[in-house]
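Shown next, in structure tokens, is the structure this report addresses.
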Amino acid sequence: MSVLFIGVVGAMALLGLRYFEAEFRNSLYAQQYTLVSSLATSVDEKIRITQDALNLSAQHLPHEALSDPELAQRLLDRMAALHSLFDNGLFLISAEGKVIAESPYKPDRRGRDITNRKFFQITAATLKPHISSPYLSSYLPGQPALMMTSPLLNDRGELIGILQGSFDLLGRNFLANLNQIKIGHTGYIFITDQERTVIMHPDSIRLMMEAARPGKNELYDRALAGFEGSGPTVTSHGQAMFSSFKRLSTTGWILAANYPVAEAEAPLRQAQRYFLLALALGTGIVLLVAWLIMRRFMAPLATLTRHVQELPGKTGADRLLSVNGGGTEIDTLMLASNTMVRTLDQQQQTLRDSEARFRSLTELSTDWYWEQDAEFRFTQMSIGRIRADVEPFIGKTRWELPLEGVTPVQWAEHRKQLERHEPFKNFVYQVRADNGELHTFSISGTPILDEQGRFRGYRGVGTDITDRMTAEQRIEFLAYHDPLTGLPNRLLLQDRFEQAIAQAQRDNSRVALLFLDLDSFKSINDTLGHHCGDALLKKVAERLKECVRDTDAISRQGGDEFLIVLRDLPDADVAAEVMTKVMERLQEPFTPDGHEVTTSVSMGATIFPEDGNDFETLLKKADLAMYRAKEAGRNTYRFFDEAMNAETIDHLQLLRGLRRALERHEFTLYYQPQIDLASNKVIGVEALLRWQHPELGLIEPQRFVPVAEESGLIVPIGQWVLLEACRQAMAWQQAGLPPLTMAVNFSGVQFKRGDVEQSVRRALEESGLPPALLELELTESILIQNVDGVLVSLQNLKRLGVQLSIDDFGTGYSSLAYLKRFDIDRLKIDRTFVRDLATDPDDAAIVRAIIQMANSLNLRTIAEGVETEDMLTQLRAFGCDEVQGFLFARPMPATDMARFISDQQDR
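Position one of the sequence shown corresponds to residue 24 (our numbering), numbered consecutively onward.
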């Protein structure tokens, strides 16, 4: 009987030890996998943020930098945010694999060929961003590094360059913190790529080495094939490990954790030894006590039996039997029972200590995890980056916590989702820290089901997205503000101007638009440098803010030009007082960068509604008034009204002459050739109206056409121009010249007051000119007036075969909706953008954008006002189709034009 008892006790002890050992390992595996999953999520997020930052910089990098190494160098040097992410440098690479620029700058490295680099080959082949495998850096010789790339594509989707960022694997980067994480005393985290190359390892010697040869580590081989989880492994040095693997979703890298088995199971083995020792002692005592009980104390044994049966439901001191100390066999058995209970309690405490140790490891992560029961009350939570006491959260539901930034509707939807036991992602809320800072968090969770599929609660992870939200808000700020001064840009100012007008119409008040231009700013820039000039502009912005109310608006338009919107004014005198205050403040000395400089300002002012009802009209008039202030000696201001007297007299004189100009045959047409850049041939001419006034001489159209439009005389004048231009085009063909497209300007008044279709049909019929050789140039204002009526007219003209183009594109409303609705053939880029094309980056960017947009819509582009070879070269580089301007020929009479075409044809 004793042997049987010992056998049964031994078997139960063995089974119990095996069960506790299996549970210990399963708990270890689960907690270690939770750790690597949390770390993998954190690394994935940091990789995405880093790649997004590189992609955003690549999108905003002007294409001119690809052909201008110095410009590229300056742009790379200014990318401070990227330098903080890529400590090994930034590189701009041409599509041919040559280094254009790198930052920080190193001499004798431009033009270096990197086509042999795998990351260049992959990016050039896929045209997508790429993260390289580790390589030995030539920038910091011998140092292992990683490279991130972002391709630069043209409007045809072709590779024109690559922006690259490199970081030192031994430096401070988003992988460096992983080196500090220890599992126990000797456990560690490491990362490899799919080629088994070590990317991150606490032992820097292991970097770029092979993690394990194929077949040497079965669990690692499975991880490379797609396995994610935990299990036992043996390292190449023969050391047994508990290993966990998790694949990074962004790169496919494997993030792994190794915990030596000997260290992990040390508490368990010690507990097992104590348990076996106690069990052996207890068994002997139990046998003795049992023998005595059978003889003398069967009744007390029943009490002991009941205690053992009730033991699972007892806690603390109630788990131990009270021993009288009489020295009987029953007392001995009770002592043995108490020893066994203590041993079991110690083993459970060992397991709890192990769980606490792994929980502390997860709290070192920048993310945090949580668990809830079936009633959605928190049962576990790591502190993560919150670094706060989590006890107040335990036992409460999420909606019972002091969270911010969630509407009642969002709470209701979230609770319905939880009640449906569905997984959820990216639920965003805000928590105010003890120091008052507001942190934004994004959490994701998945339901917990037992083996029978019954719902037991939720577990998930959370991420602090405060920095990311701050970055997004900064990007949105830059979209509507001047990056130098922080003032609203023109887009935001125009919106605030419209709001001011709406309020003025309700309150019957006035709105003033002030146009400011600093005097002699160019000389400050030239003598003290652009850095000093930029500092001066910031100081000017600060002083302007001091001169206006909080309800007013200030904007920097670029260069040294500013706009101010003064709202809710009783009269124009208030605007004069503000301008006087501005002049006085800006005349006070400035000290940008330690240099004392003085400047002044010239200002023009317009008043709503006296001077106009829309932003563009008032802006143009304020600009004109500002130039009148410049002409008056600078450092003063002018209201638009002061310049109207002379203009009115001139207006009346022109109006009187226009009424009889057609009858007296005072109008004549000049023609300017239009050149195709692909063939360098004349493909068309533009008919330009001139007025040979008997007293004033030859008058340019920009002077009298506005008067003709205002009076309605533009309708008969336009009909004469159309007929005369078509007649002249046919006369040239009959004289043996090649067919050329005749471009004729149309006024918006002609669409309002005249029958455009009838005029065009009559001109084509009387002249015999093929409709395909007639091009009507329309201003953008035509397209927004009576849109439906204009659309019908233009559709009828297109059915005739007439070509349509938009004149002065980019200076008006420039709505893409009009290009979509109206069947336009060609866009004419206004001379105001072409004039400063070679010197003004903003104009260059506008012209390039117009040409790229036109190409994507299958529209041809023509640039007017081309006067220099530099303009022509840049337009060719941008892909412009056609040009006209003084570089080729000035407008000339028909006979001179015929000789020009003939000479050009003979060449």
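Using N, Cα and C, we set each Cβ at its ideal position, and we do this for glycine too.
Asked                                                                                                        : Found
Status (buried if at least 16 other CB within 10 Å, exposed otherwise) for Val309                            : buried
Presumed contact (8 Å Cβ cut-off) between Ala88 and Leu115, rounded CB distance                              : 7 Å
Nearest residue (CA-CA) to Gly188, options Ala118, Glu119, Pro864 and Ala104                                 : Ala104
Same chain only: Cβ atoms within 6 Å of Val605, ignoring 5 sequence neighbours per side                      : Cys570
Three-state secondary structure assigned by DSSP to Met171                                                   : strand
Phe727 to Gly902 span [Cα, whole Å]                                                                          : 35 Å
Proximal residues to Ala921 (C-beta, below 7 Å), its chain only, five neighbours per side dropped            : Trp755, Ala758 and Leu760
Span of the alpha helix (DSSP H) around Thr149                                                               : Lys141 to Thr149
Check whether Met223 and Leu198 have beta carbons under 7 Å apart                                            : yes
Closest Cα partner of Val405 within the set Trp391, Pro415 and Ala397                                        : Here residue 405 is Ser; the residue named in the question, Val, does not match the sequence. Closest option to Ser405, Cα to Cα, is Trp391.
Backbone CA spacing between Ala494 and Thr73 [nearest angstrom]                                              : 12 Å
Cβ-Cβ distance between Asp67 and Ser253 below 7 Å                                                            : no
Candidates Gln475, Leu850 and Asp376, of which the one nearest Leu51 by Cα                                   : Asp376
Phe845 in three-state terms, based on DSSP                                                                   : coil
Proximity winner among Pro174, Gly275, Gln144 and Asp136, relative to Asn78 (alpha-carbon distances)         : Pro174
Under the three-state DSSP convention, the category Ala280 falls into                                        : strand
Counted within 10 angstroms of its Cβ, other Cβ atoms place Arg497 as buried (16 or more) or exposed         : exposed
Straight-line Cα distance separating Gln826 from Ile847                                                      : 8 Å
Ala710 vs Ala748 beta-carbon contact at 7 Å                                                                  : yes
Backbone secondary structure at Asn668 - three-state DSSP                                                    : A caution first: Asn668 carries a pLDDT of 44, below 50, which makes its placement in the model unreliable, though a value can still be read off. Note: Asn668 maps to helix in three-state DSSP.
Closest residue to Phe142 among Ile185, Asp178, Pro167 and Ser126 (Cα-Cα distance)                           : Ile185
Residue burial classification, Asp853 (beta-carbon count within 10 angstroms, cutoff 16)                     : buried
Length-filtered (3 minimum) beta strand (DSSP E) runs lying within the stretch 208-270                       : 211-215, 221-223, 252-257 and 263-270
Closest by C-alpha distance to Val312, when choosing among Leu299, Ser734 and Thr328                         : Thr328
Buried/exposed call for Gly476, threshold 16 Cβ in 10 Å                                                      : exposed
Whole-number beta carbon distance between Ile466 and Gly981, since they are thought to touch under 8 Å       : Look at the range of the chain in this structure, 24 to 930, and you will see that residue 981 is not part of it.
Completely contained beta strand (DSSP E) runs for the stretch 848-897, where each covers 3 or more residues : 849-852 and 883-887
Three-state class that DSSP yields for Gly707 in the structure shown                                         : strand
Inter-stretch contact (C-beta, 8 Å, three-pair minimum) for the stretch 860-877 and the stretch 906-925      : no
Beta carbon of Arg6 nearer than 7 Å to that of Leu700                                                        : Since the displayed the chain opens at 24 and closes at 930, residue 6 lies outside it and no answer follows.
Assigned secondary structure, Ser160 (DSSP; H/G/I helix, E/B strand, else coil)                              : coil
At least 3 beta-carbon pairs within less than 8 Å: the stretch 553-561 vs the stretch 616-628                : yes
Identified DSSP bridge partners for Phe197                                                                   : Answer by DSSP bridge pairing: none, since Phe197 is not bridged.
Three-state secondary structure assigned by DSSP to Val620                                                   : strand
Ala456 in three-state terms, based on DSSP                                                                   : coil
Where the beta strand (DSSP E) through Asn655 begins and ends                                                : Correcting the residue type first, residue 655 is Ala in the shown sequence and not Asn. Run containing Ala655: none; DSSP gives neither H nor E here.
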